[in-house]
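Asker: What the sequence shown shows, in the numbering used here, is residues 2 to 580, in sequence order. Glycine residues also receive a C-beta, built at the ideal position from the N, C-alpha and C atoms. Owing to the predicted nature of the structure, the values given are computational and were not obtained by experimental measurement. Starting off with a structure, shown below.
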Amino acid sequence: MSDPARPSDVFRAPPDVLRAPQIVDLIVAFRDALVLNQEALNRLNVYPVPDGDTGTNMALTMKSVVAELDLTAEKGGVVDAHDLSMSTLCAAISHGALMGARGNSGVILSQILRGLANRFRESEQVGGAEFAQALAEASSAAYSAVMKPIEGTILTVARSAAEGAADALTMVATLLEVVVGARNQAAIGLAQTPDLLPVLKAAGVVDSGGSGYLLLLDAALQVIDGRPIPLLDVEDSAPGQLTGRRASDVGTTGDKDVSELRYEVMYHLEADDGRIDSFKNAWVAIGDSIVVVGGDGLWNCHIHTDDIGAAIEAAIEIGRPRNIRVTDLLEEAAGIEEERWVREAKGSDIVDQSPHANEPVETALVVVASGEGIRRLFLSLGVQQVVTGGQSMNPSTAQLLAAVEACPSESVLILPNNKNIIAVAEQVAPLTSKSVRVIATKGVAEGLAAAMQYDPSGLIDANAAAMRSASAAVVSGEVTRAVRDSTCDVGPIAEGDWLGIARDGGIVSVNASLGETLVDLLGQLVADHHEIVTVIEGDGASAAETRRLTEWLADQRPHVVAEVHAGGQPLYPYLLGVE
Numbered sequence: 002m003s004d005p006a007r008p009s010d011v012f013r014a015p016p017d018v019l020r021a022p023q024i025v026d027l028i029v030a031f032r033d034a035l036v037l038n039q040e041a042l043n044r045l046n047v048y049p050v051p052d053g054d055t056g057t058n059m060a061l062t063m064k065s066v067v068a069e070l071d072l073t074a075e076k077g078g079v080v081d082a083h084d085l086s087m088s089t090l091c092a093a094i095s096h097g098a099l100m101g102a103r104g105n106s107g108v109i110l111s112q113i114l115r116g117l118a119n120r121f122r123e124s125e126q127v128g129g130a131e132f133a134q135a136l137a138e139a140s141s142a143a144y145s146a147v148m149k150p151i152e153g154t155i156l157t158v159a160r161s162a163a164e165g166a167a168d169a170l171t172m173v174a175t176l177l178e179v180v181v182g183a184r185n186q187a188a189i190g191l192a193q194t195p196d197l198l199p200v201l202k203a204a205g206v207v208d209s210g211g212s213g214y215l216l217l218l219d220a221a222l223q224v225i226d227g228r229p230i231p232l233l234d235v236e237d238s239a240p241g242q243l244t245g246r247r248a249s250d251v252g253t254t255g256d257k258d259v260s261e262l263r264y265e266v267m268y269h270l271e272a273d274d275g276r277i278d279s280f281k282n283a284w285v286a287i288g289d290s291i292v293v294v295g296g297d298g299l300w301n302c303h304i305h306t307d308d309i310g311a312a313i314e315a316a317i318e319i320g321r322p323r324n325i326r327v328t329d330l331l332e333e334a335a336g337i338e339e340e341r342w343v344r345e346a347k348g349s350d351i352v353d354q355s356p357h358a359n360e361p362v363e364t365a366l367v368v369v370a371s372g373e374g375i376r377r378l379f380l381s382l383g384v385q386q387v388v389t390g391g392q393s394m395n396p397s398t399a400q401l402l403a404a405v406e407a408c409p410s411e412s413v414l415i416l417p418n419n420k421n422i423i424a425v426a427e428q429v430a431p432l433t434s435k436s437v438r439v440i441a442t443k444g445v446a447e448g449l450a451a452a453m454q455y456d457p458s459g460l461i462d463a464n465a466a467a468m469r470s471a472s473a474a475v476v477s478g479e480v481t482r483a484v485r486d487s488t489c490d491v492g493p494i495a496e497g498d499w500l501g502i503a504r505d506g507g508i509v510s511v512n513a514s515l516g517e518t519l520v521d522l523l524g525q526l527v528a529d530h531h532e533i534v535t536v537i538e539g540d541g542a543s544a545a546e547t548r549r550l551t552e553w554l555a556d557q558r559p560h561v562v563a564e565v566h567a568g569g570q571p572l573y574p575y576l577l578g579v580e
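Okay, here's the thing in structure tokens:
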């Protein structure tokens, strides 16, 4: 199939009307605008660790929508999406948005798109009046999706756009002037977001999701009037542009600050529509930032919570959750652009195979890892398949399933090596005829300890027991750098500070010096009964800092042996495992 980004050069609508081919152009232009500005939109975080969220999630959501258009065209036997009828096109937009929504911002965006599509499908052509009505329906859909709507977010910007379009329609009737009116009022609404939401004012920023919404109107202006898509300037403080550092999209936070809730849980839920209200009420008791959208038995669900188990159990009680994604908001890291991950995931290194990958074994082992050195370490321990992934690079269930199916055994163990990937890995077993066990390793150090106990000739349950015991004995930590000012239990954090993070204790050390943070973290992790410290060097590590670490151990913990490995992992110059 051809890329639906093909301009609608054969059928051009009149300047004051959009038909189905131009709606396709608008959707594709919006996707391209989000991809173009993704890095700028990702300059947000209420957490001090490197994080990329809103820009990536909105861009991925729109990529899913465009992919759905192409798939619908292929199934319909037409040349490409420009040849779809308005009704079929809008159904594809709605379905692609629901199924492809990523993160809080992506779920809200999906409702905005569904609102637009619901109105567009009622007409073969969209003029000024229809566009204004569609913006109003999109705003209403976004507000209705959120359990606790908060002003100063993308919701405010969407409502402002609808009001601007309605005001323009009272004076003129052209499509172009309606969209210009919507865009101008939306920019004013965005500039006002810091006055409406204290967390934005404290950070000195406007809302990131709202900034992304403006690109939807910019895409419409490109299609209607040929105007170029703007490149957002992170240093530009003008209304409608990004300003300075970004705060996280907090569009649905309620009484708690979003930073108090550690995990983001998302999944698709197959359940009767009549049971959704009780499901929402169960979620209200355990979290915030709740968005539940969909209908006709299929729902896209999003929550921030400290209780992952309860968030998933609430779905099991009324239906069937699938495509579960769990993100540790404290540990989630960006800085690596989503495109880099996609290039890796689609390339030949999505799975590294052991030299013995095709030799039959009693029990095979699949691990998730990033960093060339870390992958080599796992392969040297007899692992059959290494799936590329880790911080900000969460592989899908389908990718893990493919690795399991490629293993030369009917029994397969999985080491996810990241809290965010455990729930995804646990979805593999029901999808394969093979016997699968997940060892719930939360980091590379735990994974390496588990892999050390792996016996390819052993039975799966015996392997699993030994590996779980080994991983549980590891005390792990990591060092990364703060990307914005913040606070934590040990005191204030300045942008650029080094953070020592204990996997089970959060941030335990803050210092302007990498070396001081490293030895401070070691001092808190290494006890008298420990014997080995595994040190995995990543991007930003240096021979001098590693030497300082080993010298500190020799002086302060002389009974402990340090094992240093070159891992090559991004964003975290040092990963530590203590046994």
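Please name the residue, chosen from 56, 573, 82 and 530, that lies closest to residue 24 on a Cα-to-Cα basis.
Answerer: Cα-wise, what sits closest to residue 24 is 82.
Asker: Who are the Cβ neighbours of residue 287 in its own chain at under 6 Å, not counting the five residues just before and after it?
Answerer: Contacts found: 306, 308 and 311.
Asker: Buried or exposed, going by whether 16 or more other CB atoms sit within 10 Å of the CB of residue 282?
Answerer: Per the 10 Å Cβ criterion, exposed.
Asker: Would you report the Cα separation of residue 133 and residue 96, rounded to the nearest angstrom?
Answerer: When rounded, the distance between both Cα atoms is 22 Å.
Asker: Name the one or two DSSP bridge partners that residue 365 has.
Answerer: According to DSSP, which records beta bridges pairwise, residue 365 is partnered with 413.
Asker: As an exercise, report each continuous alpha helix (DSSP H) stretch of at least 4 residues that is fully enclosed by the region 89-160, in chain order.
Answerer: Runs found: 104-121 and 129-146.
Asker: For residue 146 and residue 165, what's the separation of their Cα atoms in angstroms?
Answerer: When rounded, the distance between both Cα atoms is 22 Å.
Asker: For a test of the three-state rule: what should DSSP assign to residue 381, helix, strand or coil?
Answerer: The answer is helix: DSSP assigns residue 381 an H, G or I state.
Asker: Please tell me whether residue 485 has its Cβ less than 8 Å away from any Cβ of chain B.
Answerer: The chain inventory of the structure shown lacks chain B, comprising one protein chain alone.
Asker: With C-beta atoms as the reference, is residue 324 less than 8 Å away from residue 264?
Answerer: Their beta carbons are not under 8 Å apart, which means residue 324 does not touch residue 264 by this criterion.
Asker: Buried or exposed for residue 453, please, with buried defined as at least 16 other CB atoms from any protein chain shown within 10 angstroms of its CB.
Answerer: Exposed, because fewer than 16 other Cβ atoms sit within 10 Å of the Cβ of residue 453.
Asker: Give me the DSSP bridge partner(s) of residue 292.
Answerer: BP columns for residue 292 point to 147 and 303.
Asker: So does the region 397-412 actually touch the region 429-447, counting three or more Cβ pairs closer than 8 Å?
Answerer: Yes: the two stretches touch, three or more of their Cβ pairs being nearer than 8 Å.
Asker: Enumerate in chain order the residues of its own chain whose CB-to-CB distance from residue 197 is below 6 Å, with the five nearest sequence positions on each side excluded.
Answerer: Closer than 6 Å at Cβ, skipping near neighbours: 152 and 153.
Asker: May I ask you to report which of helix, strand or coil DSSP gives residue 231?
Answerer: Reduced to three states, the DSSP call for residue 231 is coil.
Asker: Please classify residue 59 as buried or exposed, where buried requires at least 16 other C-beta atoms within 10 Å of its C-beta.
Answerer: Burial call: buried.
Asker: For the beta strand (DSSP E) holding residue 184, just list the boundary residues, first then last.
Answerer: Per DSSP, residue 184 belongs to no beta strand (DSSP E); it is in the alpha helix (DSSP H), 176-192.
Asker: Out of 266, 521 and 296, which has the shortest C-alpha to C-alpha gap to residue 326?
Answerer: Among 266, 521 and 296, the Cα nearest to that of residue 326 belongs to 266.
Asker: Answer with buried or exposed for residue 315, where buried requires no fewer than 16 other C-beta atoms within 10 angstroms of its C-beta.
Answerer: With 16 or more Cβ atoms within 10 Å of its Cβ, residue 315 is classed as buried.
Asker: Name the one or two DSSP bridge partners that residue 320 has.
Answerer: Bridge partners of residue 320: 272.
Asker: Measure the alpha-carbon distance for residue 538 versus residue 567 and round it to whole angstroms.
Answerer: Each residue's Cα considered, the two are about 5 Å apart.
Asker: Apart from the five residues just before and just after residue 496, which ones in its own chain have a Cβ nearer than 7 Å to its Cβ?
Answerer: So the qualifying residues of the chain are 483, 484, 485 and 486.
Asker: Three or more C-beta pairs under 8 Å: does that hold for the region 84-101 against the region 112-122?
Answerer: Flag = yes, the region 84-101 and the region 112-122 touch.
Asker: Let me know if residue 87 comes out buried or exposed under the rule of 16 or more other beta-carbons within 10 Å of its beta-carbon.
Answerer: Flag for residue 87 reads buried.
Asker: Grab me the residues of residue 124's own chain with a C-beta within less than 8 Å of its C-beta, minus the 5 sequence neighbours each way, in chain order.
Answerer: Excluding sequence neighbours, residue 124 sits near 87 and 131.
Asker: Is DSSP giving residue 524 helix, strand or coil here?
Answerer: Residue 524: helix per DSSP, three-state reduction.
Asker: Tell me the residue span of the alpha helix (DSSP H) that contains residue 418.
Answerer: Note, residue 418: premise wrong, no alpha helix (DSSP H); not H, not E.
Asker: Tell me, which residues are paired with residue 494 by DSSP?
Answerer: Beta-bridge pairing links residue 494 to 487.
Asker: Would you mind reading off the limits of the beta strand (DSSP E) that contains residue 436?
Answerer: Unbroken beta strand (DSSP E) run through residue 436: 436-439.
Asker: Short of 7 Å in beta carbon distance, which residues of its chain neighbour residue 410, apart from the five on each side in sequence? Order them along the chain.
Answerer: Contacts found: 361, 362, 363, 364 and 365.
Asker: Rounding to the nearest angstrom, what Cα-Cα distance links residue 375 and residue 368 in this structure?
Answerer: Looking at the two C-alpha atoms, the distance is approximately 11 Å.
Asker: Looking at C-alpha atoms only, which residue of 173, 171 and 214 is the closest neighbour of residue 189?
Answerer: The shortest Cα separation from residue 189 among 173, 171 and 214 belongs to 214.
Asker: Taking C-alpha atoms, which residue in 160, 436 and 458 lies nearest to residue 384?
Answerer: Residue 384 has its Cα closest to that of 458, out of 160, 436 and 458.
Asker: Please classify residue 555: is it buried, with 16 or more other beta-carbons within 10 angstroms of its beta-carbon, or exposed?
Answerer: Residue 555 comes out exposed.
Asker: Is it buried or exposed, residue 57, if we count other Cβ atoms within 10 angstroms and call 16 or more buried?
Answerer: The residue is buried, with at least 16 neighbouring Cβ atoms inside 10 Å.
Asker: Would you please state the rounded distance, in angstroms, between the beta carbons of residue 504 and residue 527? I believe it to be under 8 Å.
Answerer: Rounded, the Cβ-Cβ distance is 14 Å, inconsistent with contact.
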